[in-house]
Each structure stands twice: as C-alpha cells, then as structure tokens.
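In the numbering used here, the protein residues as written are 52 to 166. To start, the structure itself, in structure tokens.
This is the structure:
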C-alpha cells in the first residue's frame, strides 16, 4: 500500500491529511503539487497583520510493508491527553514507522514509467 501524508507548518491550526494511492506514479504526481501556502487567501501582505498566515503545506509519500494494517485501538489510545495529538497525526506517525521507503517526486524515469 502507498500512503501520502500532507501536513501544515501551522502549530496553532494543525491539519494532517492522509491519502491512499494504488501506484507510485499517482503518488509522485500528487507530490509535485506540494509546498503551497496552507491558506492561500491569508498569504497576502495587504491584509492586517493579525489576519495574515504564511504557513506552508508539505507532502510525503511512503510505501508500506506488505500486509500492514493500522491498529485503530492503538490510534485511539494515543489520541488526546497526555499526547495532545489528533487521530490523523497518530495515523501518520504509524504509517511513517511502517514505511519500507519514501517516494520522492523526482524519481520518474526518462521514459515516463515509474523508477
């Protein structure tokens, strides 16, 4: 299984999104659109300083080990106090631990096939 994880650098408004992919090519195409502003309308110098938000989104994709299954009981146990983590943050951490390798956006072969 291949999963993509998208997170923001904004600690005050944390957002973690998990996406599943069937092919590495689809994951690489998704990775190419990484790095934009988390809230594009708020990244404006003309707004009052209190309304500006210059935080970014970043993406990563991982190939998981065969037959990996997420243990939802462990996710529920780790959410909230004393960890102060959201469910998708815990899932993203567990996916990173089960990762065989990380997919990079620039790994596309010259003939257009997956590297």
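Quick reminder that beta carbons are idealized off the backbone N, C-alpha and C, glycines included. The model shown is predicted, which means the values in this text are computed figures rather than measured ones.
(Q) Nearest by alpha-carbon distance to residue 109: which of 93, 52, 155 is it? (A) Indexing the chain shown from 1 puts residue 109 at position 58. When each option's Cα is compared against that of residue 109, the closest is 155.
Q: Starting from residue 157, follow the alpha helix (DSSP H) in both directions and report where the run begins and ends.
A: For this step, residue 157 is matched to residue 106 along the chain shown. Note, residue 157: premise wrong, no alpha helix (DSSP H); not H, not E.
Q: Assign residue 141 to one of two classes, buried (16 or more other C-beta atoms within 10 Å of its C-beta) or exposed (fewer than that).
A: Walking along the chain shown from the start, residue 141 turns up at place 90. Classification of residue 141: buried, given that the 10 Å Cβ count is 16 or more.
Q. Which residue's Cα is closest to the Cα of residue 84: 150, 146, 121, 112?
A. Start at 1 with the first residue of the chain shown, and residue 84 comes out as number 33. Minimum Cα distance to residue 84 is reached at 112.
Q: Please name the residue in 76, 104, 119, 124 whose C-alpha comes closest to that of residue 61.
A: By 1-based counting over the chain shown, the position of residue 61 is 10. Comparing Cα-Cα distances from residue 61 to each of 76, 104, 119, 124, the minimum goes to 104.
(Q) Let's see if you can read the secondary structure: which residues bound the beta strand (DSSP E) around residue 82? (A) Along the chain shown, read from residue 1 onward, the residue named residue 82 stands at position 31. The continuous stretches of beta strand (DSSP E) do not include residue 82, which lies in the alpha helix (DSSP H) extending over residues 75-82.
Q.
Using only the alpha-carbon positions, how far apart do residue 166 and residue 99 sit?
A. Here residue 166 refers to the residue found at position 115 when the chain shown is read from its first residue. Here residue 99 refers to the residue found at position 48 when the chain shown is read from its first residue. Unreliable placement is indicated for residue 166, whose pLDDT of 46 sits below 50; the coordinate value is still reported in the next sentence. Going by the C-alpha atoms only, they are around 47 angstroms apart.
Q. Residue 112 by DSSP, collapsed to three states: which one?
A. Numbered from 1 along the chain shown, position 61 holds the residue referred to as residue 112. Under the three-state reduction of DSSP, residue 112 is assigned to strand.
Q: Express the C-alpha separation of residue 151 and residue 122 in angstroms, rounding to a whole number.
A: Walking along the chain shown from the start, residue 122 turns up at place 71. Walking along the chain shown from the start, residue 151 turns up at place 100. About 18 angstroms.
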